[in-house]
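Chemist: Chains A and B are the protein sequences, given in the same order.
If you count the first sequence from 1, position 98 lands on 97 in numbering that gives the first Met the number 0, and the numbers rise without skipping.
If you count the second sequence from 1, position 312 lands on 311 in numbering that gives the first Met the number 0, and the numbers rise without skipping.
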Amino acid sequence: MLKGANTGTPATMRKASWSVARLYRWMLLAPALFLAAFFVFPIIRVVLRSFSDPAWGVQNYERIMAGGPYLQVLLATIQTAATVTALCLLLAYPVAYVMSRLTGSLLQIAAACVIIPLWTSAVIRSYAWMVVFQRKGILNEALIGAGVLDDAIRFLPGSFAVHVGMVHIMLPFMILPLLANMRAIDRSLLRAAEIMGANPLVAFAKVYFPLSMPGVSAGVALVFMMSLGFFITPALLGGPQHLMAAVLIEQQANVILDWGLASSLATVLLVVTGAMYVLYMRLTGNATGNLKGAL
Amino acid sequence: MKNKTAGSLTRREALAMMGAVSLVPWLDATPAQAASQLVFASGGGKLEETYKKTVFSAFKEKTSNDIVTTANEGAKLKAMVEQGQVEWDMMQGPAEQLIVFGRQGLFEPIDYTNIDKANLLPGAANEFFALTDVAAYNIGWNTANLKGPAPQNWAEVWAYDGRIGLWKKPFQTLEVALLADGVAIADLYPLDIERAFKSLDKIKSKIVWWERGAQGAQVFLDGEVDVGAIWNGRVHQPKLDGAPVDFNFNQAVFVNDAWAVPKGAPHKKEAMELLALALSPEQQAAFARELPYGPVNRAALALLDDKVKATLPSSDENYKKGRLLDLEFWADNSQATLEKFNSWLIG
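1. Use the C-beta contact count for residue 102(A): other C-beta atoms within 10 angstroms, 16 or more gives buried, fewer gives exposed.
2. Rounded to the nearest angstrom, what separates residue 30(B) and residue 64(B) at their Cα positions?
3. Suppose contacts are defined by Cβ-Cβ distances below 7 Å. Is residue 210(A) in contact with residue 172(A) by that definition?
4. For residue 107(B), go through chain A and note every residue whose CB falls closer than 8 Å to its CB, in chain order.
5. How about the stretch 46–54 of chain B and the stretch 275–293 of chain B: do they share at least three Cβ pairs that are nearer than 8 Å?
6. Within its chain, find whatever has a CB closer than 7 Å to the CB of residue 337(B); leave out the 5 residues flanking it on each side and keep chain order.
7. On the three-pair Cβ rule with 8 Å, is the stretch 92–101 of chain B touching the stretch 321–331 of chain B?
8. Counting C-beta neighbours from all protein chains within 10 Å, is the total for residue 171(B) 16 or more, i.e. buried, or is it exposed?
9. Considering Cα atoms alone, identify which of 154(B), 230(B), 103(B) is closest to residue 180(B).
10. What does the Cβ neighbour count give for residue 23(A), buried or exposed, with the cut at 16 atoms within 10 Å?
11. Measuring only between beta-carbons, confirm whether residue 252(A) sits less than 7 Å from chain B.
12. Say whether chain B places a C-beta atom closer than 7 Å to the C-beta of residue 2(A).
13. Using the rule of at least 16 other Cβ atoms within 10 Å of the residue's Cβ for burial, across every protein chain shown, is residue 118(A) buried or exposed?
14. Going by CA-CA distance only, name the one from 241(B), 200(B), 195(B), 245(B) that's closest to residue 219(B).
15. Decide if residue 278(A) is buried, meaning its Cβ has at least 16 other Cβ atoms within 10 Å, or exposed.
16. So with CB distances below 7 Å, who are the chain B contacts of residue 71(A)?
17. Looking at the secondary structure, which residues open and close the beta strand (DSSP E) in which residue 221(B) lies?
18. Count the other CB atoms, across all protein chains shown, that sit within 10 Å of the CB of residue 190(A); report buried if there are 16 or more and exposed otherwise.
19. Can you list, in chain order, the residues of the stretch 59–86 of chain B whose Cβ is nearer than 7 Å to any Cβ on chain A?
20. Could you tell me which whole alpha helix (DSSP H) segments of length 4 or greater appear in the stretch 310–346 of chain B?
21. Taking the alpha-carbon of residue 138(B) as reference, which of 121(B), 147(B), 128(B), 157(B) has the nearest alpha-carbon?
22. Give me the Cβ distance between residue 295(B) and residue 131(B), rounded to the nearest whole Å; I'm assuming they're in contact under 8 Å.
23. Starting from the C-beta of residue 56(A), find all residues in its chain whose C-beta is less than 8 Å away, skip the five residues before and the five after it, and write them out in chain order.
24. What does DSSP give as the partner residue(s) for residue 140(B) in the beta ladder?
25. To the nearest angstrom, report how far apart residue 88(A) and residue 113(A) are at their CA atoms.
26. For residue 7(A), which residues of its own chain have a beta-carbon under 8 Å away from its beta-carbon, when the five flanking residues on both sides are left out?
27. With the cut-off set at 7 Å, would you say residue 135(B) and residue 286(B) are in Cβ contact?
28. Would you call the CB atoms of residue 251(A) and residue 242(A) closer than 7 Å?
29. With a Cβ-Cβ cutoff of 7 Å, do residue 80(B) and residue 119(B) count as a contact?
30. Closer than 7 Å by C-beta to residue 192(B): which residues in its own chain qualify, once you throw out the five before and the five after it? Chain order, please.
31. By DSSP, does residue 82(A) sit in helix, in strand, or in coil?
32. Check whether chain A comes within 7 Å of residue 225(B), counting only Cβ atoms and requiring the distance to be less than that.
33. Do you know whose CA, among 161(B), 343(B), 124(B), lies nearest residue 198(B)'s CA?
34. Which residues, taken in chain order from the stretch 43–69 of chain A, show a beta carbon closer than 7 Å to some beta carbon of chain B?
35. Less than 7 Å separating the beta-carbons of residue 317(B) and residue 133(B)?
36. Assess contact between the stretch 140–152 of chain B and the stretch 301–315 of chain B, defined as three or more Cβ pairs (one per stretch) separated by less than 8 Å. Is contact present?
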């Protein structure tokens, strides 16, 4: 039967198999090879090393589990990344919404405001926040000058400073996917909802917000993953409780040169990230499916 | 031949010229091979600038060898040695790190035949690395913030009612924690780690941790902290420039930069020559005049005037006030102690 179906295939279908879409797939070959050589292969080596350095076995993982700072730091890392992601989403959503309604030069100015901070490195921006938050910094001086405070508040090092610094750096990565998504939302659907009796709030909650979910998914995934690997900002602005996994990995990789332990810490972080992403996709109703619909 | 215009060539002439051209790179290569280019991995900053200004330019004059610099990442060193593709000829780094790398077999043994070992500080000449300068992790304070007299020892720093700046690493910081707790400087090693953490517990809410040297200097200059520990080289120049910062060498922990030759370095012989030059009294003195990191070669002190010597941790006067970091202790204990320190930080 299968054979019959094959021989029965009209010539047009064979032609269709050489369509532009098929050609695009071949064009993916070069980037795929590049990724395989410079991304997948090194990661596989890192994972292998976590089981083989200094000897074959799971001794590096036993060390992580045996106590010490490792599990606690991994947990703190995930916690910090999650808080930063939530704050970014709260701040970015209204900004992206307003930007999606702008046109012409106003849109260009707004986009420039979002993108220009990306031109400055995270290190310099973290130092800049130190200037703002320090004891005799702009913020404390202003609050004392205005009579709000009698004595300087100790912002540094601390949770508040870390979160402000990280959110500032990550915000564009949340706004841009949201904006791309929101500009593609068909606003006549909102009008349709209102015609059918929904007030603006209900129209937003039942129509607009679900349609913006692909943007939310993309932004949340991007910001969360990038925040997990944060290094310099928590180190400069954060207190001891903001010891991030990246700092521990760097210590092992660069100072102690225990690459077995460094690799296993990196592998755990990789697995946690992957697992959380899969979980997240399940919970948000298959983000890629929605994304396809939006495109 | 006589009607040949200028610029036109016969076939034979052209061939001869092509042959000559092909010789040019070879002719050029002969002198270039005598002068090689060494790769020096350093921590950058003021230290690297000073190396360039002093010992590197002297090396160029003496041997006509150029030196280029690169970042001294330990991970890169390990990767290069593991893969047998070593690009560096010399690595500079904190001695407590280089001793760990040396034990992992990443360095060539140092050739001391051209180095006057007798004049070096005890402990400076090691199998796989040599100490090149002496810095201090010492008591510092912001003169504008300071209430009362300046702290004269670590116990007074600990007792200060205010913010205390410390380096967020166990190395050096645990030493001063023990000194603050009343351990005699002669009995410091082996460090009583548990006691050091108990000492840090007492001031936990007062500590402002600094992570990097530049940041450390900044927290003192801006008055983010009142008192604390800082490397002398980071606050020396600001103090001279009138910043509200001061320091002393009482109970200082002396720490060192060290140089080592990576295993399989392409210009091993030249690198050993460079090290010998860097440890010579003249170069040690020239370096100390630029940066207040003292010489490890005692003969260099004779070349320096009293004003410079007063700023140097390894001058006779200052050196007896403190104690050299015990490298062997840290080489044995850095992994386990770092683990405990990180646990203590987040605990």
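Built from N, CA and C at the ideal position, the CB exists for glycine as well.
Modeler: If we stick to the structure as given:
1. Counting Cβ neighbours within 10 Å, residue 102(A) comes out exposed, since fewer than 16 surround it.
2. With a pLDDT of 43 at residue 30(B), under the threshold of 50, the predicted position of this residue should be treated as unreliable, and no value is reported.
3. Their beta carbons are not under 7 Å apart, which means residue 210(A) does not touch residue 172(A) by this criterion.
4. Against residue 107(B), chain A offers no close residue; the least beta-carbon distance is about 17 Å (beta-carbon pairs closer than 8 Å).
5. Yes, the stretch 46–54 of chain B touches the stretch 275–293 of chain B.
6. If we look at residue 337(B) and ignore the five residues flanking it on each side, its Cβ neighbours are 169.
7. In short, these stretches touch, since the Cβ pair count reaches three.
8. With a threshold of 16 other beta carbon atoms within 10 Å, residue 171(B) meets it and is buried.
9. Taking the Cα of residue 180(B) as reference, the smallest distance to any Cα among 154(B), 230(B), 103(B) is reached at 154(B).
10. Classification of residue 23(A): exposed, given that the 10 Å Cβ count is below 16.
11. Chain B contact via Cβ: present.
12. Summary for residue 2(A): the model assigns pLDDT 43, below 50, so the residue's position carries little reliability; its value from the coordinates is reported in the next sentence. No - not a single Cβ of chain B is within 7 Å of the one on residue 2(A).
13. With fewer than 16 other Cβ atoms inside 10 Å of its own Cβ, residue 118(A) counts as exposed.
14. The shortest Cα separation from residue 219(B) among 241(B), 200(B), 195(B), 245(B) belongs to 245(B).
15. Residue 278(A) is exposed by the Cβ-count criterion.
16. Simply 345.
17. Looking at the DSSP string, residue 221(B) is not in any beta strand (DSSP E), and its letter there is neither H nor E.
18. Counting of Cβ neighbours within 10 angstroms places residue 190(A) among the exposed residues, the total staying below 16.
19. So the close ones are 72, 73, 74, 77.
20. Listed in chain order, they are 315–318, 326–345.
21. Of the candidates 121(B), 147(B), 128(B), 157(B), 157(B) places its Cα closest to the Cα of residue 138(B).
22. At roughly 6 Å, the Cβ-Cβ gap stays under 8 Å, so residue 295(B) and residue 131(B) are in contact.
23. Same-chain partners within the cutoff: 50.
24. Partner(s): 226(B), 245(B).
25. Roughly 14 Å between the two C-alpha positions.
26. Reliability fails at residue 7(A), whose pLDDT of 45 lies under 50, so the model's placement of it is uncertain and no value is given.
27. Annotated as distal: residue 135(B) and residue 286(B), with beta-carbon spacing of 7 Å or more.
28. No, the Cβ-Cβ distance between residue 251(A) and residue 242(A) is not below 7 Å.
29. With respect to the 7 Å criterion, residue 80(B) and residue 119(B) are not classified as neighbours on the basis of their beta carbons.
30. Closer than 7 Å at Cβ, skipping near neighbours: 173, 336, 339.
31. Three-state result, residue 82(A): helix.
32. Answer no: the Cβ-Cβ gap between residue 225(B) and chain A never drops below 7 Å.
33. Of the listed residues, the one whose Cα sits closest to residue 198(B) is 343(B).
34. From the stretch 43–69 of chain A, only 67, 68 have a Cβ closer than 7 Å to chain B.
35. In this structure, residue 133(B) does not lie closer than 7 Å to residue 317(B) by Cβ.
36. Two segments are said to touch when three or more pairs of C-beta atoms, one from each, lie closer than 8 Å; by this definition the stretch 140–152 of chain B does not touch the stretch 301–315 of chain B.
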